[in-house]
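Chemist: Heads up: the sequence lines are chains A and B, in that order.
Just so we're aligned, residue 53 is where the first sequence starts under our numbering, counting upward by one.
Just so we're aligned, residue 33 is where the second sequence starts under our numbering, counting upward by one.
Beta carbons: idealized from backbone N, C-alpha and C, even for Gly.
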Amino acid sequence: MDNCATVIPIVPDRSAAPRWDQLVQADHVHGSLYTDPAIFQAELAAIWFRTWVYVGHESEVPNPNDYVMKSIGPEPVIMTRAKDGSIHLLHNRCPHRGNRVCVTDKGNARSFTCPYHGWTFANDGALKGYPFPSGYEDADRSKLGLGKVARVQSYRGFVFGSMAEEGPTLEEHLGAAMKAIDAVCETSPEGEVQVTAGFLKHKVRSNWKFLVENETDGYHPSFVHASIFEVAQSGIGTLYSSESTAVSRDFGNGHTENDLRPEFRKRDVPMSWFGTTAEKLPEYTQKMNAAYGEEKARRIMIDGTPHIMIFPNLFIAEIQIFVIQPIAVNETVQHVTALQFKGAPDLNRRMRQQTMGSVGPAGFLLADDAEMYERTQLGVQSQNPEWLYLGRGRHRERRDENGFRIGDATDETPSRGIWRHYRALMEAA
Amino acid sequence: MAMTPEQRATLEDVTQFIYREARLQDEHAYDAWEALWTDDGVYWVPANGEGGDPEQEMSILYDNRSRIALRIRQFHTGKRFSQTPRSGLRRVVSNIEVIGDDGKEVRVCSNAIVFESHVRGDTIWASRNEYTLRREGEGFRMARKKVVLVNNGTALWSMAFLI
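#1: Determine the chain A residues that contact Trp-189/B at a beta-carbon separation under 7 Å, and present them in chain order.
#2: Against chain A, does Tyr-94/B count as a neighbour if the rule is that its beta carbon must be under 8 Å from one of theirs?
#3: For chain A, is any of its Cβ atoms less than 8 Å away from the one on Phe-172/B?
#4: Does the Cβ-Cβ distance between Ser-159/B and Val-138/B come in under 8 Å?
#5: Would you grab the beta carbon distance between Thr-268/A and Asn-310/A for me? Rounded to a whole angstrom, and I think it's under 8 Å.
#6: Would you report the Cα separation of Arg-350/A and Arg-317/A, rounded to the nearest angstrom?
#7: If you count every other CB in all the chains shown that lies within 10 Å of the CB of Gly-187/A, and 16 or more means buried, which is it?
#8: Can you tell me which of the three DSSP states Gly-104/B falls into?
#9: Please report the distance separating the alpha-carbon of Arg-105/B from that of Glu-168/B.
#10: Give the residues of chain B in contact with Gly-250/A, contact being defined as C-beta atoms less than 7 Å apart.
#11: Tell me which same chain residues have a C-beta within less than 7 Å of the C-beta of Met-323/A, skipping the five on either side of it?
#12: In the DSSP assignment, the alpha helix (DSSP H) including Ala-461/A goes from what residue to what residue?
#13: Taking just the CA atoms, how far does Val-182/B sit from Leu-188/B?
#14: Quick one: does Thr-389/A have its CB under 8 Å from some CB of chain B?
#15: Rounded to whole angstroms, how far is the Cβ of Asn-144/A from the Cβ of Arg-133/A, which I believe are closer than 8 Å?
#16: Shorter than 8 Å from the beta carbon of Glu-449/A to some beta carbon of chain B?
#17: Quick one: what does DSSP say Met-33/B is sitting in, helix, strand or coil?
#18: Determine the chain B residues that contact Ile-280/A at a beta-carbon separation under 7 Å, and present them in chain order.
#19: By the three-class DSSP mapping on this structure, what secondary structure does Ser-194/A have?
#20: Would you mind telling me which residues of chain A sit closer than 8 Å to Ser-114/B, beta carbon to beta carbon, in chain order?
#21: What does DSSP give as the partner residues of Pro-378/A in its beta bridges?
#22: With DSSP run on the structure shown, which of helix, strand or coil describes Arg-162/A?
#23: Helix or strand or just coil, what does DSSP make of Thr-328/A?
#24: Once you ignore the five residues that flank Ile-100/B on each side, which residues in its own chain have a CB closer than 8 Å to its CB?
#25: Among residues of its own chain, excluding the 5 on either side of Ala-161/A, which ones have a beta-carbon nearer than 7 Å to its beta-carbon?
#26: List the residues of chain A whose Cβ lies closer than 7 Å to the Cβ of Val-146/B, in chain order.
#27: For the segment 128 to 160 of chain B, which residues have a beta carbon sitting closer than 8 Å to at least one beta carbon of chain A?
#28: Measure the CB-CB distance between Lys-122/A and Val-129/A and report whether it falls below 8 Å.
#29: Looking at the structure shown, is Gly-153/B part of a helix, part of a strand, or coil, going by DSSP?
#30: With a Cβ-Cβ cutoff of 8 Å, do Asp-79/A and Tyr-441/A count as a contact?
#31: Could you tell me which residues DSSP puts in a beta bridge with Leu-121/B?
#32: Grab the span of the alpha helix (DSSP H) containing Pro-437/A for me, first residue to last.
#33: I need the boundaries of the beta strand (DSSP E) containing Lys-255/A, first residue and last residue.
#34: In the structure shown, what three-state DSSP assignment does Tyr-292/A receive?
#35: Bridge partners for Pro-78/B per DSSP, in chain order?
#36: Determine the direct distance from the alpha carbon of His-447/A to that of Asp-54/A, and round the result to whole angstroms.
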């Protein structure tokens, strides 16, 4: 298909199910995908309440009976660690009258008591009891616990939940993204990531998919972030230029990345991925050498951590994690925190400082990304043209040695991969 | 407890200083605002309540003096899109109280309500502000400003203007 071919205009038919093959094409997507409330509801069912969604990190509930409020899409979920150390994801809804059983962000509790009629639940969700039990003659107490997310599994501390009883395993869903999580953990001298610095919560008036696409869009940084590249010597700008040897990649399953390692390997300077040098982090460097041996430690410290969007909601951005939470068709919250590497206090301090500067509602970078999300959301409400064009780099898309589609640093290979997976999920629903 | 004439004079002076700071912020007078800071100034907007230890926990803003300067330079590029066009801003500052004065530095608290008009829509921000103002010559400079937003535990819209 010619890149500039006219695509078929779509007359919305509210009575019929959306035709995903018409809305999502090889290098065009229809604007209504970002604005139609019915499509948003369909996505909740087919994506957010069916596939694996990142919920939280085990280090957020380090002790028995710890809990933290999380979410899957707009749904609140309580992530608990039971007395036996197991992790549970509970719906925050009393099975009696629907009241919230938990209203604090985090804490330590062996049980949750609904304030309305005093029903009490263990932190694995089981009903422990209700007042005046003689009022219930033949109630099946085993069926009156808190709702539980059907499948809960963690990979190297990253906890995912799926509300569907059956479907692909977490390993099948993550696929090549597992190696990226391994690489993140390996940047710690103790092989572990911690999520302990607290979250910034940044709300935007935009559809969630604009955020997902933007996370691995290597085309925008030169423009959207020109203001900070101009005044701070960050070294990020050149990674995303037409001269860059970095690549964009589609891992399948909706997972995408900007692989910056070719540029870092060319520089051949440990810690240049973080804009610093090994000399400035002597404690970290020494621990890395001790943990992995000098050769491997050097390779890890040159390559740095990945820039990967794990569909649909976990973005690992070198030094931060973002968790994308859709609220409504035109409202999304990004939860973001600095990654902390176990055993690396000197590096962690810098990661917190850089994260605070760059992201969140006032961040040097993210406030401007947010502005773009909101303006694209306003833009797609215009009727003409109906479509968005994602053809950049299609002619030079190629396969890497593992068979994954790759493009140049600024190409739209990731967006096309996201939409290919999206269409498959929506059609399967 | 009645204030001494000296305390009244200090309250009047710090009130004028805080009003002036508010006006410079409302009018995006970045350079004049930056000049209010001491060389060791710290500008802190905690997330998630009072903010605990900013050296351990994420804050919305935790700028030292050089990062404040970077923020101003970013505005001046004309490419800070979250402030292009600039937010329309007006703030009301009230409840100004001197809570400490050692002769060199005055600690002051105030409440602030900020009305912001942005491309996205209108937003009202509310905060408790804490200042450490250092006496310099005839006037003051800001050594510390902490802005505790009432809703900082919830998800916030972008806030790229100076709060």
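Modeler: Quick look at the numbers:
#1: Under the 7 Å cutoff, chain A gives Lys-255, Pro-413.
#2: Chain A places a beta carbon closer than 8 Å to that of Tyr-94/B, counting this residue as a contact.
#3: For Phe-172/B, the answer is no, since every Cβ of chain A falls outside 8 Å of its Cβ.
#4: No, these two residues do not count as a Cβ contact at 8 Å.
#5: With 8 Å as the limit, Thr-268/A and Asn-310/A qualify as a contact, their Cβ atoms being about 5 Å apart.
#6: Rounded to the nearest whole angstrom, the C-alpha separation of Arg-350/A and Arg-317/A is 11 Å.
#7: Classified as exposed, Gly-187/A has fewer than 16 neighbouring CB atoms from the shown chains inside 10 Å of its CB.
#8: Checking the sequence, you will find Ile at residue 104/B rather than Gly. In the three-state reduction of the DSSP assignment, Ile-104/B falls in the helix class, which pools H, G and I.
#9: Spanning the alpha carbons of Arg-105/B and Glu-168/B requires a straight line of approximately 25 Å.
#10: In chain order: Ala-79, Asn-80, Glu-89, Met-90.
#11: Excluding residues within five positions, the ones whose Cβ falls inside 7 Å are Thr-329, Ala-330, Leu-333, Met-353.
#12: From DSSP, Ala-461/A is part of no alpha helix (DSSP H); its letter is neither H nor E.
#13: Looking at the two C-alpha atoms, the distance is approximately 11 Å.
#14: Chain B contact via Cβ: present.
#15: The C-beta distance from Asn-144/A to Arg-133/A rounds to 16 Å, too long to fall under 8 Å, and the pair is not in contact.
#16: It does not; no Cβ of chain B falls within 8 Å.
#17: Residue state, collapsed to three classes: coil.
#18: The contacting residues are Gln-106.
#19: Ser-194/A: helix per DSSP, three-state reduction.
#20: Going along chain A in sequence order, the residues near Ser-114/B (Cβ under 8 Å) are Ala-419, Asp-420, Ala-422, Glu-423.
#21: Paired residue(s): Thr-384/A.
#22: When secondary structure is reduced to three states using DSSP, Arg-162/A falls in the coil class, being assigned neither helix nor strand.
#23: Coil, per DSSP.
#24: Excluding sequence neighbours, Ile-100/B sits near Glu-66, Trp-69, Gly-73, Tyr-75.
#25: These residues qualify, in order along the chain: Asn-117, Tyr-119, Asn-175.
#26: Think of a sphere of 7 Å around the beta carbon of Val-146/B: no beta carbon from chain A falls inside it, the nearest being about 13 Å out.
#27: Cβ contacts with chain A come from Val-151, Arg-152, Gly-153.
#28: Cβ distance < 8 Å, so Lys-122/A and Val-129/A count as in contact.
#29: Gly-153/B sits in a strand when the DSSP states are folded into three classes.
#30: Yes, the Cβ-Cβ distance between Asp-79/A and Tyr-441/A is below 8 Å.
#31: As DSSP reads the structure, Leu-121/B sits in a beta bridge with Glu-148/B.
#32: Taken as a continuous stretch (DSSP letters only), Pro-437/A belongs to no alpha helix (DSSP H), as it is neither H nor E.
#33: Element bounds for Lys-255/A: 252 to 256.
#34: In the three-state reduction of the DSSP assignment, Tyr-292/A falls in the helix class, which pools H, G and I.
#35: Under DSSP, the beta-bridge partners assigned to Pro-78/B are Ser-91/B.
#36: Legend: pLDDT at Asp-54/A = 43, less than 50; position of this residue unreliable, value from coordinates given subsequently. Here the C-alpha atom of Asp-54/A lies approximately 11 Å from the C-alpha atom of His-447/A.
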